[in-house]
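Asks:
In this note's numbering, the protein residues as written are 34 to 367.
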């Protein structure tokens, strides 16, 4: 089985230890992790892998020998993910669904050999190619209360097990199953035309497990700004960064996780509209979370970001300067 490649979707399959067991049994030639939290989990658990910013369907489409490994929140939600991915591929797909230890053979894939090796049940399913629905997107497998994300931005809160979003490229509308969050929609619009068919759309938390906190890497260096986009961390991180300025409640929550793992303290600027996309984490030593008293985190964060001109600075001095500059406008909440 060493000729296959393993594409791991999300951190849960790694944090649970199941990815390590799959690697030990299947001995894949290559392991690919999709998503920043999955990369964080893989590094924490010492899982040798490659990382991709692409969606799982793109990573699987580039390698005809690749199989998908996933751990859904429930067996049905795992099937929903598999069906979405399989529908986008132009070949059969083997899905290793760890939620109920099932090999799902999509569209005629040969899953029997994986079932024999793992001792799992094998299930045959069919995923039809997605119908053209214009600039419209169906998100399944939601739970009421879940944060709904489009390309990493929280744009609303699910009210049903299915969410339907519609856009004309400029505006975003919830047809059903979602209460939109104006601030998130505004941020999404600011990135350019909204193309729902090609967007990464999901619902739920990014990671539930608590990260392993690493020692501080630097006390002096540059500050990396993450403005409502924690996914930019691995893309923009350099060896001489000493800390992270995170703007936005959910970005701060994700940055505290990622920074704890990487040994990077976080100065988080929030305004209290977080959606709980990551479990609670204090971050590495030197981290501080500020809450705007009467302003939006965008405005205060942008003010601090303008001072991050790429020149090195001592992290403690950066935080002290921020507290002084924002006296009376923020309060410490973490």
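Backbone N, C-alpha and C fix where the C-beta goes; we use that ideal spot for every residue, glycine too.
If we call anything under 9 Å between Cβ atoms a contact, is residue 129 one with residue 251?
Replies: One-based indexing of the chain shown puts residue 129 at position 96. One-based indexing of the chain shown puts residue 251 at position 218. No; because the gap between Cβ atoms is not below 9 Å, this pair is not in contact.
Asks: Is it right to say residue 289 is buried, meaning 16 or more other beta carbons lie within 10 angstroms of its own, or is it exposed?
Replies: Within the chain shown, residue 289 is the residue found at index 256, counting from 1. So residue 289 counts as buried.
Asks: Using 9 Å as the threshold, is the C-beta distance between residue 224 and residue 184 below it?
Replies: Sequence index remark: in the chain shown, residue 224 carries index 191 (1-based). Sequence index remark: in the chain shown, residue 184 carries index 151 (1-based). Against a cut-off of 9 Å, the Cβ pair of residue 184 and residue 224 comes out as a contact.
Asks: Going by DSSP, what residue range makes up the alpha helix (DSSP H) through residue 357?
Replies: Start at 1 with the first residue of the chain shown, and residue 357 comes out as number 324. 348–358 is the span of the alpha helix (DSSP H), which, as asked, contains residue 357.
Asks: Using the C-alpha atoms, what's the distance from residue 171 back to residue 52?
Replies: Residue 52 sits at position 19 when you count from the first residue of the chain shown. Residue 171 sits at position 138 when you count from the first residue of the chain shown. The straight-line gap from Cα to Cα measures roughly 29 Å.
Asks: Is the separation between the beta-carbon of residue 16 and that of residue 169 shorter than 9 Å?
Replies: Residue 16 is absent from the model: the chain starts at 34 and stops at 367.
Asks: Just to confirm my understanding: we take residue 218, look at its own chain, exclude 5 residues before and 5 after, and list those with CB closer than 7 Å. What are they?
Replies: Position 185 of the chain shown, counted from the start, is the residue given in the question as residue 218. Closer than 7 Å at the Cβ level, and outside the excluded window around residue 218, lie 188 and 205.
Asks: If you scan the region 115–182 from start to end, which runs of the beta strand (DSSP E) of 3 or more residues do you find wholly inside it?
Replies: The region 115–182 contains these whole beta strand (DSSP E) runs: 126–130, 135–139, 154–158 and 169–173.
Asks: Using DSSP with H/G/I as helix, E/B as strand and the rest coil, what is residue 106?
Replies: Here residue 106 refers to the residue found at position 73 of the chain shown. Here residue 106 sits in coil by DSSP.
Asks: Quick one: Cα of residue 191 to Cα of residue 305, how far?
Replies: Locating residue 191 in the chain shown gives position 158, counting from the first residue. Locating residue 305 in the chain shown gives position 272, counting from the first residue. Computed Cα separation, rounded: 19 Å.
Asks: Using the Cα positions of residue 275 and residue 301, report the straight-line distance between them to the nearest angstrom.
Replies: For the purposes of this step, residue 275 is taken as the residue at position 242 of the chain shown. For the purposes of this step, residue 301 is taken as the residue at position 268 of the chain shown. Cα-Cα distance, rounded: 15 Å.
Asks: Is the separation between the beta-carbon of residue 69 and that of residue 41 shorter than 9 Å?
Replies: For the purposes of this step, residue 69 is identified with residue 36 of the chain shown, where counting begins at 1. For the purposes of this step, residue 41 is identified with residue 8 of the chain shown, where counting begins at 1. Their beta carbons are not under 9 Å apart, which means residue 69 does not touch residue 41 by this criterion.
Asks: To the nearest angstrom, report how far apart residue 241 and residue 360 are at their CA atoms.
Replies: If you number the chain shown from 1, residue 241 lands on position 208. If you number the chain shown from 1, residue 360 lands on position 327. C-alpha separation (whole angstroms): 34 Å.
Asks: What's the C-alpha gap between residue 145 and residue 77?
Replies: One-based indexing of the chain shown puts residue 145 at position 112. One-based indexing of the chain shown puts residue 77 at position 44. If you take the alpha carbons of residue 145 and residue 77, they lie about 32 Å apart.
Asks: State the CB to CB distance for the pair residue 338 and residue 282, rounded to an integer number of angstroms; the pair is presumed to be in contact (CB under 8 Å).
Replies: As a first step, residue 338 must be located in the chain shown, where it is residue number 305. As a first step, residue 282 must be located in the chain shown, where it is residue number 249. Contact doesn't hold; Cβ gap of about 16 Å is too wide.
Asks: Note down the Cα distance separating residue 222 from residue 88, rounded to an integer number of angstroms.
Replies: Translated into the one-based positions of the chain shown, residue 222 becomes position 189. Translated into the one-based positions of the chain shown, residue 88 becomes position 55. Cα to Cα, residue 222 sits roughly 21 Å from residue 88.
Asks: Under the rule that 16 or more other beta-carbon atoms within 10 Å means buried, what is residue 38, buried or exposed?
Replies: Here residue 38 refers to the residue found at position 5 of the chain shown. Residue 38 should be labelled buried.
Asks: Check for me: the beta strand (DSSP E) holding residue 247 runs from which residue to which?
Replies: Indexing the chain shown from 1 puts residue 247 at position 214. First-last for residue 247: undefined, no H or E at that position.
Asks: Compare the Cα-Cα distances from residue 91 to each of 295, 142, 233 and 198 and report the closest residue.
Replies: Residue mapping note: residue 91 aligns to position 58 of the chain shown, counting from 1. Among 295, 142, 233 and 198, the Cα nearest to that of residue 91 is on 233.
Asks: Under the three-state reduction of DSSP, which class applies to residue 2: helix, strand or coil?
Replies: This structure cannot speak to residue 2, because the chain is shown only from 34 to 367.
Asks: Do residue 285 and residue 322 count as a contact pair if the criterion is CB distance below 9 Å?
Replies: Along the chain shown, one-based indexing puts residue 322 at 289. Along the chain shown, one-based indexing puts residue 285 at 252. In contact: residue 322 and residue 285 (Cβ atoms closer than 9 Å).
Asks: Cβ of residue 248 within 9 Å of Cβ of residue 296?
Replies: Reading the chain shown from its first residue, position 215 is the one you call residue 248. Reading the chain shown from its first residue, position 263 is the one you call residue 296. Yes, the pair counts as a contact, with Cβ atoms nearer than the cut-off.
Asks: Between which two residues does the beta strand (DSSP E) carrying residue 340 extend?
Replies: Locating residue 340 in the chain shown gives position 307, where the first residue counts as 1. It is not in any beta strand (DSSP E) - residue 340 carries neither H nor E in the DSSP assignment.
Asks: What do you reckon, are the CB atoms on residue 351 and residue 258 nearer than 9 Å?
Replies: The count along the chain shown starts at 1 and reaches residue 351 at position 318. The count along the chain shown starts at 1 and reaches residue 258 at position 225. It is not a contact, given that the beta carbons lie outside the stated cut-off.
Asks: From residue 349 to residue 46, what distance separates their C-alpha atoms?
Replies: Translated into the one-based positions of the chain shown, residue 349 becomes position 316. Translated into the one-based positions of the chain shown, residue 46 becomes position 13. Distance between the alpha carbons of residue 349 and residue 46: 37 Å.
Asks: Would you report the Cα separation of residue 75 and residue 81, rounded to the nearest angstrom?
Replies: Translated into the one-based positions of the chain shown, residue 75 becomes position 42. Translated into the one-based positions of the chain shown, residue 81 becomes position 48. Distance between the alpha carbons of residue 75 and residue 81: 7 Å.
Asks: Assuming the contact rule is C-beta atoms closer than 8 Å, residue 254 and residue 227 should be a hit. Round their C-beta distance to whole Å, please.
Replies: For the purposes of this step, residue 254 is taken as the residue at position 221 of the chain shown. For the purposes of this step, residue 227 is taken as the residue at position 194 of the chain shown. The pair is not a contact, with the Cβ atoms about 36 Å apart (cut-off 8 Å).
Asks: My output table needs one value for residue 90: the three-state DSSP class, helix, strand or coil.
Replies: Along the chain shown, one-based indexing puts residue 90 at 57. Three-state result, residue 90: helix.
Asks: Which same chain residues end up closer than 6 Å to residue 236 when comparing Cβ atoms and leaving out the 5 residues on each side of it in sequence?
Replies: Working through the chain shown from its first residue, we reach residue 236 at position 203. The answer, listed in chain order, is 172, 175, 179, 181 and 191.
Asks: When you compare only the Cα positions, how much space is there between residue 340 and residue 239?
Replies: The sequence position of residue 340 within the chain shown is 307, counting from 1. The sequence position of residue 239 within the chain shown is 206, counting from 1. Going by the C-alpha atoms only, they are around 30 Å apart.
Asks: Applying the criterion that 16 or more other CB atoms from any shown protein chain within 10 Å of the CB defines a buried residue, is residue 317 buried or exposed?
Replies: Residue 317 sits at position 284 when you count from the first residue of the chain shown. Looking at its Cβ environment, which holds 16 or more other Cβ atoms inside 10 Å, residue 317 is buried.
Asks: In three-state terms, what does DSSP make of residue 307?
Replies: Here residue 307 refers to the residue found at position 274 when the chain shown is read from its first residue. Correct three-state label for residue 307: coil.
Asks: For residue 48 and residue 177, what's the separation of their Cα atoms in angstroms?
Replies: Here the question's residue 48 lines up with position 15 in the chain shown. Here the question's residue 177 lines up with position 144 in the chain shown. Near 24 Å, if we compare the C-alpha coordinates of residue 177 and residue 48.
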